[in-house]
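Below is one structure, written out as structure tokens; the observations come after it.
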Amino acid sequence: MPVSPSPRISSPAFRDTLHEKHRIRVSEGLILLALAVVPLLGDHYYALGTQILVAVIFALSLDLLVGYAGIVTLGHAAFFGVGAYAAGIASQHGWGEPLSGLLIGGAASAVVGLAVGAIVLRTSRFTLLMLTLCTVFLFGEIANKATSITGGVDGLLGMETWSVLGLFEFDLMGETAYYFSAAVFLLVFAAVRLLVRSPLGQSIMAIRDNPGRAAAIGMAVLPRQLLIFTVSAFLAGLAGALQAEVNQFVGLKDIGFELSATILVMLALGGSGRLYGAIIGPAVYLIAQDFLSRDNPVMWQLWLGIILVGLVLFAPGGLVRLFIRIKERLGQ
């Protein structure tokens, strides 16, 4: 009896799944390519690449709140700063091991995030926004006044970061700092992507879209929001700790409102609710800032502002959604 050939699977859902997997592989390939290109550009770009990677990790933590949980915050720099100061203080007092320093910074911020989230998440909209704003001002003032611990306006001095795994010393050119930051970024990106695709991530997005309906079908809305708030704070603190370790300095600018506003602009530039937006936004912003500040040291902020306004007007959903729209039009 002849064996009939197996039927071809050609359902739209199956094709969409294959297309999505292909798109993800391409995007991941581009990320790895970008990471590999930086060392070929020269020593100057190690520092810029490290700065971008720290900002991307910070933006990913913010995207969990703003894009996936629908919790808008103006105080996310508080968690970044707490992580930076925690790792910095540990280093200043004789513990400069970089991997555990990241965990110290992340854990400190997670504890603060849990406490802050338990308060602010009981409110909504404008009240929540103002409470998060008060949070960053509060922690900024604590860092400013607690000079015996934080160094105040002078910042944390005397930090020393040990070699990575006892093998790779942090050099003046920033090569080790770049590769270390790249490794941390890849781990964080993989973890965040896993989280948003997990049942927890899907439930968080369901709560974002319709919290009343989510509660009606039995979802524990506040505990899930508090969990994602704490995870986001942990990642922000990890980013702060990473910056403290590679720069070996922590200052008040690392826990101020300006940093909160800047990372929001970066995320909006790339597009929230899409992990790749949290990568593209900081990269474009910081590359433009670096180029413009070298080309025109006096007026660079004006030109950067004009570019950002133009991008917001022509790409209101962020650069990622602009790329998607262009691709769809070309495919028609």
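In this note's numbering, the protein residues as written are 64 to 395.
Glycine is no exception: its CB is placed at the ideal position from the N, C-alpha and C atoms.
For L330 and D126, believed in contact at Cβ under 8 Å, the rounded distance: Reading the sequence shown from its first residue, position 63 is the one you call residue 126. Reading the sequence shown from its first residue, position 267 is the one you call residue 330. At roughly 6 Å, the Cβ-Cβ gap stays under 8 Å, so D126 and L330 are in contact.
Beta carbon of G144 nearer than 8 Å to that of I318: Sequence index remark: in the sequence shown, residue 144 carries index 81 (1-based). Sequence index remark: in the sequence shown, residue 318 carries index 255 (1-based). Yes, these two residues count as a Cβ contact at 8 Å.
Local conformation of L125 per DSSP, three classes: As a working mapping, residue 125 is identified with position 62 in the sequence shown. Judged by DSSP in its simplified three-state form, L125 adopts helix.
According to DSSP, is L219 part of a helix, a strand, or is it coil? By 1-based counting over the sequence shown, the position of residue 219 is 156. DSSP places L219 in the strand class (E or B) of the three-state scheme.
Hey, A304 and G112 are a contact pair by Cβ (cut 8 Å); roughly how many whole angstroms apart? Counted from its first residue, the sequence shown places residue 304 at position 241. Counted from its first residue, the sequence shown places residue 112 at position 49. Taking C-beta atoms under 8 Å as the contact rule, A304 and G112 fail to qualify, at a distance of about 18 Å.
For the region 275–315, which segments carrying the alpha helix (DSSP H) assignment without a break, of at least 4 residues, lie completely within its bounds, in sequence order? As far as the region 275–315 is concerned, its whole alpha helix (DSSP H) runs of at least 4 residues are 284–310.
Would you kindly work out how many angstroms separate the C-alpha atoms of G159 and A141, rounded to a whole number? Here residue 159 is taken as the residue at index 96 of the sequence shown, counted from 1. Here residue 141 is taken as the residue at index 78 of the sequence shown, counted from 1. Cα to Cα, G159 sits roughly 22 Å from A141.
I'd like to know whether the C-beta atoms of Y131 and M282 end up nearer to each other than 8 Å. Mapped onto the sequence shown, residue 131 falls at position 68. Mapped onto the sequence shown, residue 282 falls at position 219. Not a contact, by the Cβ cut-off of 8 Å.
Segments of 3+ residues assigned as beta strand (DSSP E) that fall wholly inside the region 123–182: Here no run is fully enclosed.
How about D353 and M236: are their beta carbons less than 8 Å apart? Looking up residue 353 in the sequence shown gives position 290. Looking up residue 236 in the sequence shown gives position 173. No, Cβ-Cβ distance for D353 and M236 is not below 8 Å.
Would you mind working out which of P262, V309 and F252 sits nearest E91, comparing C-alpha positions? Your numbering for residue 91 matches position 28 in the sequence shown. Nearest C-alpha to E91: F252.
Would DSSP call V25 helix, strand or coil? Given that the chain is displayed from residue 64 to residue 395, the structure contains no residue 25 and the question cannot be resolved.
Does N207 come out as helix, strand or coil in the three-state DSSP assignment? Along the sequence shown, read from residue 1 onward, the residue named residue 207 stands at position 144. N207 falls in the helix class under three-state DSSP.
For L162, the nearest candidate out of R287, L301 and G138 (CA to CA): The sequence position of residue 162 within the sequence shown is 99, counting from 1. Of R287, L301 and G138, the residue nearest in Cα terms is L301.
Cα-Cα, which of G157, F121 and V284 is closest to S266? Working through the sequence shown from its first residue, we reach residue 266 at position 203. Checking every option, the nearest Cα to that of S266 belongs to V284.
Contacting residues, own chain, Cβ-Cβ under 7 Å from E213 (five flanking each side not counted): Translated into positions along the sequence shown, residue 213 becomes position 150. The question names Glu, but residue 213 is Thr in the sequence shown. Y148, A206 and L219, listed in sequence order.
Is it true that the region 197–211 meets the region 331–341, where meeting means three or more beta-carbon pairs spaced less than 8 Å apart? Contact between the region 197–211 and the region 331–341 is absent, because fewer than three Cβ pairs lie under 8 Å.
Might you give, ordered along the chain, the residues of its own chain that have their beta carbon closer than 7 Å to the beta carbon of R256, omitting 5 neighbours on each side? One-based indexing of the sequence shown puts residue 256 at position 193. Excluding residues up to 5 positions away in sequence, L338 lie with their Cβ nearer than 7 Å to the Cβ of R256 in the same chain.
Roughly how many angstroms separate the alpha carbons of F320 and L230, rounded to a whole number? As a first step, residue 320 is located in the sequence shown; it is residue number 257 there, counting from the start. As a first step, residue 230 is located in the sequence shown; it is residue number 167 there, counting from the start. When rounded, the distance between both Cα atoms is 37 Å.
Who are the near neighbours of I370 in its chain, counting only those whose CB is closer than 7 Å to its CB and skipping five residues on each side? Position 307 of the sequence shown, counted from the first residue, corresponds to residue 370. A distance below 7 Å between beta-carbons, with the five flanking residues on each side excluded, links I370 to the following residues of its chain, in chain order: A351.
Where do the ends of the alpha helix (DSSP H) carrying G264 lie? Taking the sequence shown and counting its residues from 1, the one referred to as residue 264 is at position 201. For G264, the uninterrupted alpha helix (DSSP H) run begins and ends at P262 to D272, by DSSP.
What residues in its chain sit with their C-beta under 8 Å from that of Q114, if we drop five residues either side in the sequence? Position 51 of the sequence shown, counted from the first residue, corresponds to residue 114. L349.
Can you grab the Cα-Cα spacing for the pair L96 / T186, in whole Å? On the sequence shown, residue 96 is found 33 positions in, with the first residue counted as 1. On the sequence shown, residue 186 is found 123 positions in, with the first residue counted as 1. Straight across, the Cα-Cα distance linking L96 with T186 is about 43 Å.
For R388, does the three-state DSSP call read helix, strand or coil? Working through the sequence shown from its first residue, we reach residue 388 at position 325. Helix.
For S172 and V101, I'd like the C-alpha separation in whole angstroms. For this step, residue 172 is matched to residue 109 along the sequence shown. For this step, residue 101 is matched to residue 38 along the sequence shown. So the alpha carbons of these two residues sit roughly 30 Å apart.
Reducing DSSP to helix, strand and coil, say where G381 ends up. As a working mapping, residue 381 is identified with position 318 in the sequence shown. Coil at G381, not helix or strand.
Determine the extent of the alpha helix (DSSP H) in which Y348 is found, giving its start and end residues. In the sequence shown, counting from the first residue as 1, residue 348 sits at position 285. Segment G340 to D358, the alpha helix (DSSP H) holding Y348.
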